[in-house]
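Report on one structure; see the data block that follows.
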Amino acid sequence: IRNIITKNSNTVKYLACKRSPIGPSLLINVVKALILSVINYALEIYGHHSKSHLKLLAAPYISAVRRSLRAFPTSPIKNILAESGLPSLIDNMEDTTYKLYPKIILGSNLVLQDAFSSSSSRIGPPKIEHNAPFS
């Protein structure tokens, strides 16, 4: 999947050259069509993997978004994603996972419902990190 994303990123790189009359808004749509669609399709596979696997997919995605906006390489990633209107991969993974929950709960597959209920009962409350003491 990373190879497909890299090939599509090279397409965005070619379209975003200095002599190209294509604007950033059209290039963002190209990134959505070529790269984000492949990532969304693969999130079912990579969604439950470690963050290091998601980072492998994030590098060509971020570079394609950066090229489509013609931003400097040192620009912060959060600012680039905010300006483009595209989600980060972790946010995108959570959104697709949350969209899948009602389909599992309301579906007719009892095996999936049992697996979902057992996994949701094993998940404890989120941990609160205390970086600095309150004063």
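Letter by letter, the sequence shown follows residues 1039 to 1173 of the working numbering.
Idealized CB from N, CA, C, for every residue including glycine.
Please list the terminal residues of the continuous alpha helix (DSSP H) segment that includes residue i.
{"i": "P1111", "result": "Note, P1111: premise wrong, no alpha helix (DSSP H); not H, not E."}
{"i": "K1045", "result": "1040–1053"}
{"i": "I1124", "result": "Looking at the sequence shown, residue 1124 is not Ile but Leu. Taken as a continuous stretch (DSSP letters only), L1124 belongs to no alpha helix (DSSP H), as it is neither H nor E."}
{"i": "L1064", "result": "1062–1069"}
Go through its chain and collect everything with a Cβ distance to residue i's Cβ below 7 Å, but skip five positions before and after it.
{"i": "F1172", "result": "Bear in mind that the predicted position of F1172 carries a pLDDT of just 48, short of 50, making it too unreliable to give a figure here."}
{"i": "K1093", "result": "none"}
{"i": "T1049", "result": "L1072"}
{"i": "S1190", "result": "No information on residue 1190 is available, as it lies outside the stretch 1039 to 1173 that the chain covers here."}
Determine whether the beta carbon atoms of residue i and residue j lie at a separation below 8 Å.
{"i": "I1080", "j": "I1039", "result": "The sequence shown places Ala at residue 1080, rather than the Ile named in the question. Yes, Cβ-Cβ distance for A1080 and I1039 is below 8 Å."}
{"i": "L1127", "j": "I1066", "result": "no"}
{"i": "S1122", "j": "V1149", "result": "no"}
{"i": "I1060", "j": "L1053", "result": "yes"}
{"i": "V1069", "j": "L1124", "result": "yes"}
Between which residues of its own chain and residue i is the CB-CB distance below 8 Å, once the five residues before and five after are set aside?
{"i": "D1151", "result": "Checking the sequence, you will find Gln at residue 1151 rather than Asp. If we look at Q1151 and ignore the five residues flanking it on each side, its Cβ neighbours are I1142, I1143, G1145."}
Leaving out five residues before and five after residue i in sequence, what residues of the same chain have Cβ atoms less than 6 Å from its Cβ?
{"i": "L1119", "result": "S1126"}
{"i": "K1116", "result": "none"}
Quiz item: So, do the region 1096–1111 and the region 1066–1085 have three or more beta carbon pairs nearer to each other than 8 Å?
Solution: At 8 Å Cβ cutoff, the stretches touch.
inquiry  = Would the region 1129–1147 count as touching the region 1105–1115 if we require 3 or more Cβ pairs under 8 Å?
reply    = They do not touch, by the three-pair rule.
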